[in-house]
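K.L.:
Let me give you the structure first, and then I'll get to my questions.
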């Protein structure tokens, strides 16, 4: 028969049982919780890092808003000239049906104020037109001896500097705008032509009064503030009558009362003060500006 366990043995057995229970509990309950805790901590650290990145971007929003607003205002000022007053009704309705009629009403007062006599007037009609950059590409010559002599790269740097503007602009994208070309055949004096041209170049004061027609409010904007370009001028007599004569016939009465017809040549006008036929081509450009961005509060 098994002898009765001593108190000492019982205590040893009890301790072993507790250790086994603790071990089983650790592996069955505590270890999974521990693993979950470790995984959750890793997710927390990852999420914290991500949030710090997002928060840094959020802190930049006010600065970005200010930058966008400033860029919008600068762009708006630059684009202001392309909001062409000659296309005001078109800009308001986006309907180009009467564009030629509207532009003709805009141009005619300018011609009248210049006292030019219109023989014919024509319109190309609304179309999209690509605006290219205007720049000069320097004519740079290179040859083998020059390149060999350029041991310090001075010449190469000068060439790079010379071509910088043309190289930069040639790589930029161009933009399309609305355009309508007016062709005019007029007759007038040199001073009439210069008055007409000055209205497109004046810095201020060259407004079109009543350009929308009788009884309607005029545009009242400086012509030079609009996107307008005189693309060609052809003058039939660029001297405007210099040295030209005209034949006149006069009656002369002799002492005996006899009347005779006398023909003679006289100056047609004071030199440079005569009239000439002039052909003009004027292109009006138009584009709507970018809408003001809605950035929220």
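Numbering (my numbering), first residue to last: 2 to 298.
Every residue gets a Cβ at the ideal spot worked out from N, C-alpha and C, and that includes glycine.
Because the structure is a prediction, the values reported are computed rather than measured.
1. Runs of 4 residues minimum, wholly inside the region 73-154: which ones carry the alpha helix (DSSP H) assignment?
2. If you draw a straight line from the C-alpha of residue 137 to the C-alpha of residue 191, how long is it?
3. Please classify residue 173: does DSSP put it in a helix, a strand, or coil?
4. Can the beta-carbon of residue 71 be found closer than 7 angstroms to that of residue 290?
5. With a 10 Å radius around its C-beta and 16 neighbouring C-beta atoms as the bar for buried, classify residue 253 as buried or exposed.
6. Have a look at residue 13 and residue 20 and give me their C-alpha separation to the nearest angstrom.
7. Return the first residue and the last residue of the beta strand (DSSP E) that residue 285 is part of.
8. Going by DSSP in three states, residue 296 sits in which element: helix, strand or coil?
9. Counting pairs of beta carbons, one from the region 112-121 and one from the region 177-194, are three or more of them closer than 8 angstroms?
10. Buried or exposed: which applies to residue 286, given that a residue is buried once 16 or more other Cβ atoms fall within 10 Å of its Cβ?
11. Please list, in chain order, all residues of the same chain as residue 34 whose beta carbon is under 8 angstroms from its beta carbon, the five residues on each side excluded.
12. So what does residue 168 bridge to, in DSSP terms?
13. In whole angstroms, give me the CA-to-CA distance for residue 230 and residue 69.
14. Measure the beta-carbon distance from residue 277 to residue 236 and round it to whole angstroms, keeping in mind my assumption that it falls under 8 angstroms.
P.N.:
In this structure, then:
1. Taking 4 residues as the minimum length, the alpha helix (DSSP H) runs contained wholly in the region 73-154 are 89-94, 100-114 and 145-150, in order along the chain.
2. As a position in the chain shown, residue 137 is number 136, starting the count at 1. As a position in the chain shown, residue 191 is number 190, starting the count at 1. Their backbone Cα atoms lie some 32 angstroms apart in a straight line.
3. Translated into positions along the chain shown, residue 173 becomes position 172. The answer is coil: DSSP assigns residue 173 none of H, G, I, E or B.
4. Residue mapping note: residue 71 aligns to position 70 of the chain shown, counting from 1. Residue mapping note: residue 290 aligns to position 289 of the chain shown, counting from 1. Contact: no.
5. Position 252 of the chain shown, counted from the start, is the residue given in the question as residue 253. Residue 253 is exposed by the Cβ-count criterion.
6. Looking up residue 13 in the chain shown gives position 12. Looking up residue 20 in the chain shown gives position 19. Computed Cα separation, rounded: 11 angstroms.
7. For this step, residue 285 is matched to residue 284 along the chain shown. From DSSP, the beta strand (DSSP E) with residue 285 extends over 276-287.
8. The residue given as residue 296 occupies position 295 in the chain shown. Here residue 296 sits in coil by DSSP.
9. Result yes; three or more Cβ-Cβ pairs closer than 8 angstroms.
10. As a first step, residue 286 must be located in the chain shown, where it is residue number 285. Residue 286 comes out buried.
11. By 1-based counting over the chain shown, the position of residue 34 is 33. Hits under 8 angstroms: none found.
12. On the chain shown, position 167 is the one that residue 168 refers to. Residue 168 pairs with nothing; no bridge assigned.
13. As a working note, residue 230 is residue 229 in the chain shown. As a working note, residue 69 is residue 68 in the chain shown. Between residue 230 and residue 69, the C-alpha separation is close to 31 angstroms.
14. Reading the chain shown from its first residue, position 276 is the one you call residue 277. Reading the chain shown from its first residue, position 235 is the one you call residue 236. That pair is a contact at about 6 angstroms.
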